[in-house]
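Residue numbers for the sequence shown follow the numbering used here, so the first one is 105 and each next one is one higher. Notes to accompany the following structure.
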Amino acid sequence: MTSYDAIVVGAGQAGPGMAAALAGEGKRVALIEMDRVGGTCLNHGCRPTKALRASAVVAHQARRASEYGVHTGEVRVDFGEAIRRVHTMTDSMRQSLARYLAGVENLELLDGTATLETTPPGEPHRVYLADETLEAEAIYLDLGSRALVPPIEGVDTVAYLTEVELLSLEELPKHLVVAGGSYIGLEFGQMFRRFGSEVTIIAGGGIAPSEDADISAALSDMLTDEGITILNSRLEQVASAESGVAVTLADGTTVTGSHLLLATGRRSNIDLIGDKHGLQLDDRDFVVIDSRFQTSVEGVWALGDVNGHGAFTHTAYQDSQILLDSGRSVDGRITAYAMFTDPPLGRVGLTEREARESGRRVLKAEVPMSSVSRAVLDSETIGLMRILVDADSEEFLGATFFGMHGDDLAQLIGMAMQNGVTYPGVRDALPIHPTVAEFIPSMLGGLRQLDS
């Protein structure tokens with residue numbers, strides 16, 4: 105039995121910062137990683153997908169080069185080279201993180217499958233590795249999440265892909281069938297179409313169903329214009345086929361592709377630490393926490409995806425920052441997020457539909473990207489900018505930026521919302537010209553009542 109002041113299970117986005125900070129306070133800390141340090145984000149999530157996206161964006165720009173007076177000839181994508189570029193970057197980042205953690209005084213980085221057994225108050229909790237038992241009064245879980253495999257008939261009989269396997273491919277799929285019309289499915293679908301794959305997206309719940317209908321339609325139009333087939337029907341059955349995999353939809357349609365990507369949601373990784381943790385879970389098996397990430401068991405905290413309070417790298421990282429500051433809590437956190445299609449969709453707060461249903465008096469400003477001078481100058485005019493404010497309190501309620509720099513624009517409004525900045529303070533600011541962001545003050549000067 106080895107005793108520690110704290111044990112952190114999971115070296116994703118919340119765990120390393122938490123472990124290093126506790127070690128910096130002089131506490132003896134064990135940080136256990138069951139796979140590879142860096143978690144989903146570094147190994148098969150945000151960072152590798154954005155590196156791969158960069159190659160897809162360049163391929164698309166090269167095909168459009170003549171629009172800018174630049175002539176390049178035939179564009180050829182070497183998918184193997186693009187993937188190797190991704191792995192070179194992520195391997196370097198992972199090695200850098202591992203070196204950093206190995207150099208933190210009072211911190212031991214351990215590898216292996218961890219099983220948690222919680223104990224009554226006053227007794228240290230126990231964590232079991234293959235041949236070692238650890239104990240500590242403070243346990244921090246940064247277990248993350250993984251792809252949800254839906255209960256589709258035949259799914260266990262085919263070699264389906266999740267984002268993990270997709271990023272391990274060395275050859276470009278001839279025909280990628282994507283199950284799921286939300287963030288992961290749309291981002292990968294667009295990337296692989298630009299690399300040269302035939303792409304079919306099966307979106308039984310629609311494209312980006314959590315967004316306003318006009319945004320979903322605009323995304324659908326953009327992807328269709330790039331040659332992606334979108335089928336709005338539910339996937340009911342999959343089976344092996346001579347050329348790969350055959351999928352059957354609820355409307356009777358059958359699609360045969362070389363590869364099937366499942367992008368139908370995420371599930372909690374709580375099951376990875378055994379069944380003796382004694383933690384209260386919600387109806388989706390995410391760990392129930394309070395505003396300070398305390399679980400139902402004293403001395404155990406849950407950070408990041410596993411607590412269900414935002415499946416994003418930035419929320420996971422901030423979870424540890426909040427917990428390390430006794431004056432902060434997760435209550436009232438404003439979470440901006442982005443879909444990294446090209447152009448991206450940046451979102452924060454209420455959608456227009458939600459604003460209409462809120463019972464508030466709402467003011468709205470909206471402008472198409474085709475009216476934004478910087479977007480016109482760059483010939484990137486897909487999308488729109490939309491801002492919603494409360495007519496009485498002058499608070500920002502939400503914003504949607506689908507278009508050039510939309511990911512960065514959303515967090516500008518998010519920071520204003522988080523800090524209680526009302527819209528006149530932003531309206532009267534002096535922006536830089538020519539930028540996309542310069543339209544935000546102009547938009548706020550032309551707010552109109554939102555029809556109920």
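Positions of the beta carbon are idealized from the N, C-alpha and C atoms, including for glycine.
C-beta atoms of residue i and residue j nearer than 8 Å
| i | j | result |
| --- | --- | --- |
| G507 | M489 | yes |
| A312 | L280 | no |
| M138 | G216 | yes |
| L554 | R437 | no |
| D494 | V466 | yes |
| G403 | I243 | yes |
| A283 | R370 | no |
| T455 | G510 | no |
| A469 | R451 | no |
| D423 | F444 | no |
| G258 | G116 | no |
| V253 | V349 | no |
| A520 | F505 | no |
| Y264 | L366 | yes |
| E241 | P224 | no |
| A123 | V112 | yes |
| L327 | L213 | no |
| S320 | G310 | yes |
| A163 | V179 | yes |
Residue environment, residue i, which counts as buried when at least 16 other CB atoms sit within 10 Å
| i | result |
| --- | --- |
| Y527 | buried |
| N373 | buried |
| I536 | exposed |
| K380 | exposed |
| Y172 | exposed |
| G463 | exposed |
| S272 | exposed |
| L513 | buried |
| Q384 | exposed |
| V174 | exposed |
| P255 | exposed |
| G356 | exposed |
| R151 | buried |
| D446 | buried |
| D429 | exposed |
Nearest-angstrom Cα separation, counted from residue j out to residue i
| i | j | result |
| --- | --- | --- |
| G300 | G149 | 22 Å |
| T419 | A442 | 13 Å |
| T219 | V231 | 5 Å |
| T360 | V342 | 10 Å |
| R198 | L205 | 11 Å |
| P448 | A322 | 12 Å |
| V540 | E185 | 33 Å |
| S200 | M193 | 11 Å |
| L364 | S107 | 46 Å |
| S433 | S395 | 5 Å |
| T358 | L126 | 55 Å |
| D386 | E330 | 40 Å |
| T368 | V268 | 14 Å |
| L270 | G529 | 45 Å |
| Y287 | S347 | 27 Å |
| G378 | S474 | 54 Å |
| L156 | V190 | 6 Å |
| I393 | D325 | 40 Å |
Local conformation of residue i per DSSP, three classes
| i | result |
| --- | --- |
| H191 | helix |
| K154 | helix |
| G173 | coil |
| G216 | coil |
| L201 | helix |
| A459 | helix |
| A160 | helix |
| M508 | coil |
| M489 | strand |
| R230 | strand |
| L513 | helix |
| R250 | strand |
| R371 | strand |
Same chain, Cβ closer than 7 Å to residue i, five either side skipped, listed in chain order
| i | result |
| --- | --- |
| L353 | I306, L335, S337, R338, L339, E340 |
| A390 | Checking the sequence shown, residue 390 turns out to be Phe, not Ala. Answer for F390: S372, V410, N411, G412, listed in chain order. |
| F296 | P277, L280, V303 |
| K131 | D109, A110, N210 |
| T176 | A166, A169 |
| V401 | T222, G382, L383 |
| G414 | T439 |
Sequence-distant residues of its chain with Cβ nearer than 8 Å to residue i (five each side left out)
| i | result |
| --- | --- |
| I332 | G293, Q294, R297, V303, T304, I305 |
| L548 | A469, I491, V493, Y527, P528, V530, R531 |
Residue i CB to nearest heavy atom of the ligand SAH below 7 Å
| i | result |
| --- | --- |
| Q422 | In the structure shown, the ligand SAH is absent, as is every other ligand, since no ligand is present at all. |
Close beta carbons around residue i, own chain, < 6 Å, minus the five adjacent residues each side
| i | result |
| --- | --- |
| D246 | G114, G116, A118, G119, L407, G408 |
| L427 | F397 |
| T485 | M473, S474, A479 |
| S477 | P538 |
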